[in-house]
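Report on the structure given below.
Number of protein chains: 2
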Amino acid sequence: MTTTSPQGRTELLRPDGSPVRVLVVDDEQSITELLSMALRYEGWQIRAAGDGAGAMQTARDFRPDAVVLDMMLPDMDGLSVLGRLRRELPDVPVLFLTAKDAVEDRIAGLTAGGDDYVTKPFSLEEVVARLRGLIRRTGAADRRSESVLVVGDLMLDEDSHEVSRGGANIHLTATEFELLRFLMRNPRRVLSKAQILDRVWSYDFGGQANVVELYISYLRRKIDAGREPMIHTRRGAGYLIKPAATTVS
Amino acid sequence: MTTTSPQGRTELLRPDGSPVRVLVVDDEQSITELLSMALRYEGWQIRAAGDGAGAMQTARDFRPDAVVLDMMLPDMDGLSVLGRLRRELPDVPVLFLTAKDAVEDRIAGLTAGGDDYVTKPFSLEEVVARLRGLIRRTGAADRRSESVLVVGDLMLDEDSHEVSRGGANIHLTATEFELLRFLMRNPRRVLSKAQILDRVWSYDFGGQANVVELYISYLRRKIDAGREPMIHTRRGAGYLIKPAATTVS
DNA sequence: TGCGTTTCTCAGGGAATTCACAGGTTCGGG
DNA sequence: CCCGAACCTGTGAATTCCCTGAGAAACGCA
Numbered sequence: 001m002t003t004t005s006p007q008g009r010t011e012l013l014r015p016d017g018s019p020v021r022v023l024v025v026d027d028e029q030s031i032t033e034l035l036s037m038a039l040r041y042e043g044w045q046i047r048a049a050g051d052g053a054g055a056m057q058t059a060r061d062f063r064p065d066a067v068v069l070d071m072m073l074p075d076m077d078g079l080s081v082l083g084r085l086r087r088e089l090p091d092v093p094v095l096f097l098t099a100k101d102a103v104e105d106r107i108a109g110l111t112a113g114g115d116d117y118v119t120k121p122f123s124l125e126e127v128v129a130r131l132r133g134l135i136r137r138t139g140a141a142d143r144r145s146e147s148v149l150v151v152g153d154l155m156l157d158e159d160s161h162e163v164s165r166g167g168a169n170i171h172l173t174a175t176e177f178e179l180l181r182f183l184m185r186n187p188r189r190v191l192s193k194a195q196i197l198d199r200v201w202s203y204d205f206g207g208q209a210n211v212v213e214l215y216i217s218y219l220r221r222k223i224d225a226g227r228e229p230m231i232h233t234r235r236g237a238g239y240l241i242k243p244a245a246t247t248v249s
Numbered sequence: 250m251t252t253t254s255p256q257g258r259t260e261l262l263r264p265d266g267s268p269v270r271v272l273v274v275d276d277e278q279s280i281t282e283l284l285s286m287a288l289r290y291e292g293w294q295i296r297a298a299g300d301g302a303g304a305m306q307t308a309r310d311f312r313p314d315a316v317v318l319d320m321m322l323p324d325m326d327g328l329s330v331l332g333r334l335r336r337e338l339p340d341v342p343v344l345f346l347t348a349k350d351a352v353e354d355r356i357a358g359l360t361a362g363g364d365d366y367v368t369k370p371f372s373l374e375e376v377v378a379r380l381r382g383l384i385r386r387t388g389a390a391d392r393r394s395e396s397v398l399v400v401g402d403l404m405l406d407e408d409s410h411e412v413s414r415g416g417a418n419i420h421l422t423a424t425e426f427e428l429l430r431f432l433m434r435n436p437r438r439v440l441s442k443a444q445i446l447d448r449v450w451s452y453d454f455g456g457q458a459n460v461v462e463l464y465i466s467y468l469r470r471k472i473d474a475g476r477e478p479m480i481h482t483r484r485g486a487g488y489l490i491k492p493a494a495t496t497v498s
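Listed in order, the protein sequences are those of chains A and B.
Numbered per my numbering, the first sequence finishes at 249, counting up by one with no gaps.
Numbered per my numbering, the second sequence finishes at 498, counting up by one with no gaps.
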């Protein structure tokens, strides 16, 4: 089930209308805090744990719809936690967090069931998108919830990664795609450069803040080129996307 | 009976519309977990057992439509379990899991009745495909459910393993076939290299992730050669298959 | 056992993408 | 109207990601 808030944001809900529940397990407190903030912002209910024991405890009485699990935990390794979680919550999908170089050996096979993973350092948009995908596909939320974002005549398909405006296909790079997705998931809302940087770029990005300007410029070239512009600058505040004035929204 | 989910995936259902039920019997917990997750993802209802006694118990009150049975169990050997299963569930098809070096004739004898087997280590695509075949053939699900996948002018027959594009026959190796089947069972959806590796290669594969690139390259040579391409790369995300632009979908 | 086929590793080349930098442009307050 | 701040964008370099040829190893079958 989905509802659309007055601000135009679409939220995932469980079939009974209650908010989706997510358990976050990571031993670095900065990470659990970062994730908790971001996921709460999605309208989800979040519980966090810093080790395997706490994770099991919380899993039992919180009964989450999805779990975010770091594979490197202090007391037991991620695989043991996973095994126990599976016994306790057999149907709950897991999003693994792994170091970039650990991917090959340990994760292989784990994502097979429909689970998924992201590598550290991740971007919040990535985590949120993957989680939404997991929850959608495993039916914790209504399956009819769409994977297509629409703003005016602009369409973005999260499954096929296809973007089109007025029917014409548009090719975007990975970063452009993530940025546009973020904008489109918050239509008519001003997003500051800091917000964008925090959500779309990895949490350890140390570069210049003007990458955002650069990528907005890239997007405009591809999305707005010659057409009624949909991406707008609010000087001193940020950017927003909304249907073109002439387009029937 | 089949339904098609919004994601475009086709699900097997029982004639009364309820999900197919599968019992998984293996003493290695990692295997039952792997299989349970993968088969649940197919939309099936799964129950697992770790030994013969548990299997019998579960068979009685779960009443599965199919059974996945490891031939090496701790308390009794697979044959005894099989015998008892047969008495309890005479018409239910069984998919045997066997070690590679197991006596082929014995298995061949067992599968004469319409059962089937796969050797460990298996790929999930293989298990799922065999299981689908068994369930389809024994009529637990509607018989009209198709064994032919079609994407644009590309056709793949899961029974005969024949592949053709625009009427022209194409010879594929076993791995190429499995990869193409996985792509075609998820048309218009980006599949990451990790997902592909986890589904199409055996669970114990420890090699380089670029085998996927290699086999995509092989497939393109055979499927797309000279024609409008159907296999597309989403740089930084994965691969997807979709009807050629000029083809009526 | 021997031969053709299939699977997979390795490594080079090439192209797409990301990002820094810097000069130009626009905007809004005074 | 002027000035500084904020924003835009061309250029180019570094990097990452992907493709594919060549050959070794494993497999299957006669």
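Here a beta-carbon is modelled for each residue, glycine too, at the ideal position from N, C-alpha and C.
A contact is defined here as three or more CB-CB pairs under 8 Å, and the region 193-211 of chain A fails this definition with respect to the region 159-168 of chain A. Legend: CB atoms of the region 57-81 of chain A lying less than 7 Å from CB atoms of chain B are not found in any residue.
Here Pro492(B) has Val400, Gly401, Met479 and Ser498 as same chain residues with Cβ atoms under 7 Å from its own Cβ, once five neighbours each way along the sequence are excluded. Residue range Glu162 to Arg165 is occupied by the beta strand (DSSP E) that includes Glu162(A). Around the beta carbon of Asn418(B), fewer than 16 other beta carbons lie within 10 angstroms, which makes this residue exposed.
Along the region 424-441 of chain B, the positions whose C-beta sits under 7 Å from a C-beta of chain A are Arg437, Arg438 and Val439, read in chain order. Here Pro339(B) is exposed. Its C-beta has fewer than 16 other C-beta atoms within 10 Å. Burial is judged here by how many other beta carbons sit within 10 angstroms of a residue's own beta carbon; Gly299(B) has at least 16 and is buried.
Separation of Leu97(A) and Arg14(A) (C-alpha to C-alpha, rounded to the nearest whole angstrom) is 24 Å.
In the DSSP assignment, Arg137(A) falls within the unbroken alpha helix (DSSP H) covering Leu124 to Arg137. Thr111(A) sits in a helix when the DSSP states are folded into three classes.
Not flagged as an interface residue toward chain B: Ser202(A), since no C-beta distance is shorter than 8 Å. Under the three-state reduction of DSSP output, Leu156(A) falls in the strand class. Per DSSP, Phe431(B) is one residue of the alpha helix (DSSP H) stretching across Ala423 to Arg434.
Secondary structure at Tyr452(B): coil, using DSSP grouped into helix, strand and coil. CA-to-CA, the gap between Lys120(A) and Leu35(A) works out to about 13 Å.
About 29 Å separates the beta carbon of Leu85(A) from that of Asp198(A), a gap too long to meet the 8 Å contact definition. A direct Cα-Cα distance of roughly 59 Å separates Leu359(B) from Asn186(A). Under the 10 Å beta carbon count, Thr422(B) is surrounded by fewer than 16 other beta carbons and is classified as exposed.
Rounded to the nearest angstrom, the gap between the Cα atoms of Val367(B) and Glu33(A) is 45 Å.
When DSSP states are grouped into helix, strand and coil, Leu191(A) belongs to the strand group. A direct Cα-to-Cα measurement between Phe205(A) and Asp364(B) gives close to 55 Å. Note that the C-beta distance between Tyr488(B) and Leu440(B) is below 8 Å. Pairing Leu272(B) with Arg309(B) gives a Cβ-Cβ distance that is not under 8 Å. Ser30(A) is positioned such that its CB atom lies no closer than 8 Å to that of Phe122(A). Not one beta carbon of chain A lies nearer than 8 Å to the beta carbon of Asp408(B).
Here the alpha carbons of Gly54(A) and Arg476(B) stand approximately 56 Å from one another. When DSSP states are grouped into helix, strand and coil, Gln306(B) belongs to the helix group. Taking the Cβ atoms as the reference, Leu383(B) lies roughly 4 Å from Pro342(B), within the contact range of under 8 Å.
Under the Cβ criterion of 8 Å, Arg130(A) is not counted among the residues facing chain B. Distance from the CA of Ile196(A) to the CA of Leu344(B), rounded to the nearest whole angstrom, comes to 51 Å. Cβ neighbours of Leu219(A) within its own chain (closer than 7 Å, five residues either side excluded): Glu176, Leu179, Leu180 and Ile231. Residue pairing by DSSP places Pro268(B) opposite Leu262(B) in a beta bridge.
The Cβ atoms of Ala315(B) and Leu380(B) sit closer than 8 Å to each other. Per DSSP, the beta bridge partners of Lys369(B) are Ala348(B). Under the DSSP assignment, Leu463(B) falls in the alpha helix (DSSP H) whose first and last residues are Asn459 to Leu468.
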